[in-house]
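> Take this structure, written in structure tokens, and hold onto it; I'll ask about it next.
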Amino acid sequence: NSCKTTTNHSILSEHKVSDEVTFEENGTTENLEIGQFLYQVINCNGCGAITFRYRNYRTEFYTFDEITKEEIFVAGKYYDTYFPERINDQLLTKQFPGIPSIIFEVYNEIINAYNRNSFILCASGLRTITEAVCNHFKMDGVSLGNKIYNLSKCRLINKELSEALRAHKFLGNDAVHNLISPTKEELRLSIELFEDVLHSLFTIPFKHNDLKNRISKRM
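In terms of this note's numbering, the sequence shown is residues 6 to 224.
As structure tokens, then:
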């Protein structure tokens with residue numbers, strides 16, 4: 006998670022547990038190893054971070070192909086799980102000074118849903134946080150679309166960000182009412198755009214006021 010790339014590791018400590026099956030053939034009981042469970046403490050050769058890896062190794066074997074009527078060799082394979090989880094394809098929660106805690110909690114749940122591939126929940130969360138932002142600024146309107154429009158009309162956000170919020174609304178509607186799951190890339194772009202909205206509404210005013218107060222005290 007520090008290197009954010011695929012790199013080599015050294016194994017500092019390892020504990021192995023054999024995965025065996027017992028079978029009986031010609032009156033003789035035998036044990037056959039079909040894999041191993043490996044518990045490893047590993048050290049990144051790049052940044053030096055120490056993490057934990059659980060490896061489930063499945064040994065190579067032969068299987069019979071019913072179509073070709075031939076034996077096929079299947080190579081051994083490792084199935085790895087890392088602690089902490091690798092975040093090379095995940096989103097990190099960002100900080101927005103000045104954001105209300107309830108809105109930040111919804112945002113944090115959206116990031117968690119995205120990272121766990123809960124795409125419908127993530128999309129519905131985007132619609133929920135859009136409505137929460139509109140309610141926070143007391144935007145009038147008979148529909149969420151009207152409230153989003155009024156955010157732009159009141160010059161709290163620009164036209165492009167207003168259209169981005171409208172896109173979240175319809176994306177969330179599909180997820181909630183029609184159970185249509187958006188793609189991961191669509192959600193990533195939607196979240197990144199909404200982060201721009203949060204920066205515009207909360208971070209920039211917060212920093213602006215902080216700067217004004219500092220200048221005022223110095224003067």
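We treat Cβ as the ideally placed atom computed from N, Cα and C, and that holds for glycine.
For HIS14, tell me which candidate among ASN50, GLY32, ASP24 and GLU168 has the shortest Cα-Cα distance.
Looking up residue 14 in the sequence shown gives position 9. For the residues ASN50, GLY32, ASP24 and GLU168, the minimum Cα distance to HIS14 belongs to ASN50.
> Would you mind stating whether TYR44 and GLU19 have Cβ atoms separated by less than 8 angstroms?
The residue given as residue 44 occupies position 39 in the sequence shown. The residue given as residue 19 occupies position 14 in the sequence shown. Yes, they are a contact pair.
> Suppose you measure from the CA of MET224 to the CA of ASP85; what does that come to, to the nearest Å?
Sequence index remark: in the sequence shown, residue 224 carries index 219 (1-based). Sequence index remark: in the sequence shown, residue 85 carries index 80 (1-based). Roughly 60 angstroms separates the two Cα atoms.
> Pick out whichever of ASN140, VAL79, GLY32 and VAL46 has its Cα sitting closest to the Cα of ARG60.
As a position in the sequence shown, residue 60 is number 55, starting the count at 1. The candidate whose alpha carbon is nearest that of ARG60 is VAL46.
> Nearest to GLU90 by alpha carbon, out of GLU191, ASN6 and GLU197?
The count along the sequence shown starts at 1 and reaches residue 90 at position 85. Answer by Cα proximity: ASN6.
> So which of ASN113, GLU136, GLN95 and ILE104 has the shortest CA-CA distance to ARG193?
By one-based count along the sequence shown, residue 193 stands at place 188. Residue GLN95 is the option with its Cα nearest to ARG193.
> Using the beta-carbon count (16 or more within 10 Å), is PRO187 buried or exposed?
Counting from 1 along the sequence shown, the entry for residue 187 is found at position 182. Classification of PRO187: buried, given that the 10 Å Cβ count is 16 or more.
> If contacts are defined as beta-carbon pairs under 8 angstroms, then LEU156 and ASP201 qualify, I think. What distance do you get, rounded to the angstrom?
Against the sequence shown, residue 156 aligns to sequence position 151. Against the sequence shown, residue 201 aligns to sequence position 196. About 13 angstroms; that fails the 8 angstroms criterion.
> What residues in its chain sit with their C-beta under 7 angstroms from that of THR98, if we drop five residues either side in the sequence?
Taking the first residue of the sequence shown as 1, we reach residue 98 at position 93. These residues qualify, in order along the chain: ASN113 and ILE116.
> How about GLU30 and ILE39: are their beta carbons less than 8 angstroms apart?
The count along the sequence shown starts at 1 and reaches residue 30 at position 25. The count along the sequence shown starts at 1 and reaches residue 39 at position 34. No.
> For MET144, which residues in the same chain have their Cβ closer than 7 angstroms to its Cβ, ignoring the five residues on either side in sequence?
Looking up residue 144 in the sequence shown gives position 139. Within the same chain, MET144 has close Cβ partners LYS152, ASN155 and LEU156.
> Whose C-beta lies closer than 7 angstroms to the C-beta of SER148 among residues of the same chain, with five residues either side of it excluded?
Position 143 of the sequence shown, counting from 1, holds the residue named residue 148. Counting only Cβ-Cβ distances below 7 angstroms, and skipping sequence neighbours, we find nothing.
> Scan the region 22-92 and note each continuous alpha helix (DSSP H) run of 4 residues or more that stays entirely inside, going in chain order.
Those alpha helix (DSSP H) runs which fall completely within the region 22-92 and span 4+ residues do not exist here.
> State buried or exposed for PHE101, treating a residue as buried only when at least 16 other CB atoms are found within 10 Å of its CB.
Residue numbering aside, residue 101 sits at position 96 when the sequence shown is read from its first letter. Buried, because 16 or more other Cβ atoms sit within 10 Å of the Cβ of PHE101.
> Mapping the DSSP letters down to three states, classify LEU17 as helix, strand or coil.
Within the sequence shown, numbered from 1, the residue matching residue 17 stands at position 12. Residue state, collapsed to three classes: strand.
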